[in-house]
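Mapping of the sequence shown onto UniProt numbering: position 164 corresponds to residue 164, and the numbering continues sequentially without gaps. By construction, the Cβ of each residue, glycine as well, lies at the ideal position given by its N, Cα and C atoms.
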Amino acid sequence: MTSNENYLPLFCSSCRQVALSRNWDDSLLVATEVDASETYELGHISIVQCTSCNKFLGLLDDKSTFYTAESILANENTKTKTDGWHKIEESWERMVLFVLSQVVYKEYEEPDETLLEVEFAFPPPTDLIKILWVNEQPVGFYSVKVKGTLDPVAMECYRMTTLDTLFIRRDYRGQGWGSSAVKDLLLEFPQENIGFSFPISIPMNRVLKKYLEVTPSDRPRFWEVTGCGTEGNTRNLWLMSRRQPPTSSSRITASSSSTLE
1 MTSNENYLPL FCSSCRQVAL SRNWDDSLLV ATEVDASETY ELGHISIVQC
51 TSCNKFLGLL DDKSTFYTAE SILANENTKT KTDGWHKIEE SWERMVLFVL
101 SQVVYKEYEE PDETLLEVEF AFPPPTDLIK ILWVNEQPVG FYSVKVKGTL
151 DPVAMECYRM TTLDTLFIRR DYRGQGWGSS AVKDLLLEFP QENIGFSFPI
201 SIPMNRVLKK YLEVTPSDRP RFWEVTGCGT EGNTRNLWLM SRRQPPTSSS
251 RITASSSSTL E
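Structure, rendered in structure tokens:
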């Protein structure tokens with residue numbers, strides 16, 4: 001992974017201010033550091049933010065090596081990745097996940113509320129997490145709460161394996177990767193019902209509806225899940241789609257995902 005050492009100055013692309021001015025032998029003069037080791041479980045890494053607008057500038061490791069979002073996504077290790085969905089296995093991949101989920105999605109390609117897209121928290125290591133690689137570039141990810149996983153906030157366990165987050169970068173949408181994620185998930189859990197966290201975005205709902213239209217055998221398996229999916233908090237997606245009036249089919253609610261088709 002390439003880094004920027006003795007980078008002086010660094011401009012914030014959002015507010016156009018000098019956000020980071022540093023001789024790496026000295027202390028930060030302007031930017032704010034946030035310890036990411038506990039909140040994001042990234043190891044000995046700090047998040048560097050612009051103090052003027054709080055936008056992400058980069059990550060700083062315990063050796064004072066600074067990484068921009070671009071350098072993390074262009075990590076030389078990515079050259080070993082084939083196209084498709086790959087489980088996170090190494091620490092540098094969690095840095096890639098952080099940039100995709102907390103920087104690219106939240107700051108560069110902001111969720112569209114009209115499509116029921118929502119922000120989501122950084123997936124914990126207890127989730128099953130896969131990154132989508134295309135042409136040796138990380139361009140998306142999904143995270144799954146496996147059945148039996150404890151929700152530390154609700155202090156309840158997930159009653160059903162649930163797709164919690166799914167994001168694909170805009171330039172790679174419309175290429176079938178949303179459907180590919182659904183099929184990949186079914187390969188991981190071939191005998192289980194699959195939940196999809198509420199609210200499900202309109203584009204994701206289209207992907208699921210299209211899949212179920214041509215795969216009747218899986219219609220009993222796909223569920224909208226609220227919270228941990230306790231009694232009364234699940235609804236069958238196929239039955240939901242059948243109850244929608246034709247004129248409002250594009251407004252079915254339910255995922256934490258973006259335009260995916």
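Please work out which residues of its chain come closer than 8 Å, Cβ to Cβ, to residue i, disregarding the five sequence neighbours upstream and downstream, and give them in chain order.
| i | result |
| --- | --- |
| residue 263 | Here the chain has residues from 1 to 261 only, and residue 263 is not among them. |
| T230 | E156 and R159 |
Determine, using beta carbons only, whether residue i and residue j come nearer to each other than 8 Å.
| i | j | result |
| --- | --- | --- |
| S101 | P123 | yes |
| L212 | W177 | no |
| I131 | L163 | no |
| Y172 | V139 | yes |
| V205 | W223 | In the sequence as displayed, the identity of residue 205 is Asn instead of Val. It is not a contact, given that the beta carbons lie outside the stated cut-off. |
| S179 | V134 | no |
Buried or exposed for residue i, going by 16 or more other Cβ atoms inside 10 Å?
| i | result |
| --- | --- |
| V104 | buried |
| R221 | buried |
| P216 | exposed |
| residue 281 | Within the shown structure, residues of the chain are numbered from 1 to 261, placing residue 281 beyond reach of any answer. |
| R170 | exposed |
| T68 | buried |
| P125 | exposed |
| V214 | exposed |
| A121 | exposed |
| P203 | buried |
Going by beta carbon distance, what residues of the same chain come within less than 7 Å of residue i, once the five residues before and after it are set aside?
| i | result |
| --- | --- |
| N54 | none |
| F141 | L97, L100, S101, I129, K130, I131, L132 and F167 |
| E136 | T78, K79 and K81 |
| R242 | none |
| V225 | M160, T162, G195, F196, S197, F198, N233 and T234 |
| G227 | A154 and N233 |
| residue 278 | Nothing about residue 278 can be reported from this structure: the residues present for the chain run from 1 to 261 only. |
| D25 | The predicted position of D25 is uncertain, since its pLDDT is 41 and thus under 50; no value can be drawn from it. |
| S248 | Summary for S248: the model assigns pLDDT 38, below 50, so the residue's position carries little reliability, and this model does not support an answer. |
| K106 | E119 |
In its own chain, which residues sit with a C-beta less than 6 Å from the C-beta of residue i, not counting the 5 before and 5 after it?
| i | result |
| --- | --- |
| D184 | W85 |
| K87 | K130 |
Among all the DSSP beta bridges, which residues are the ones paired with residue i?
| i | result |
| --- | --- |
| D151 | E156 |
| W133 | G84 and P138 |
| W238 | DSSP, once it has assigned bridges, lists no residue as partnering W238. |
| K209 | K209 is not bridged to any residue. |
| I45 | D61 |
| E224 | F196 and R235 |
Quick one: is the Cβ of residue i within less than 7 Å of any heavy atom of the ligand MN?
| i | result |
| --- | --- |
| T230 | Ligands are entirely absent from the displayed structure, and the ligand MN is therefore not among its contents. |
**Report entry** At least 3 beta-carbon pairs within less than 8 Å: the segment 59 to 73 vs the segment 115 to 122
**Finding:** Segments in contact, no.
**Report entry** Cβ pair count under 8 Å reaching 3, the segment 78 to 98 against the segment 147 to 156
**Finding:** Result no; under three Cβ-Cβ pairs closer than 8 Å.
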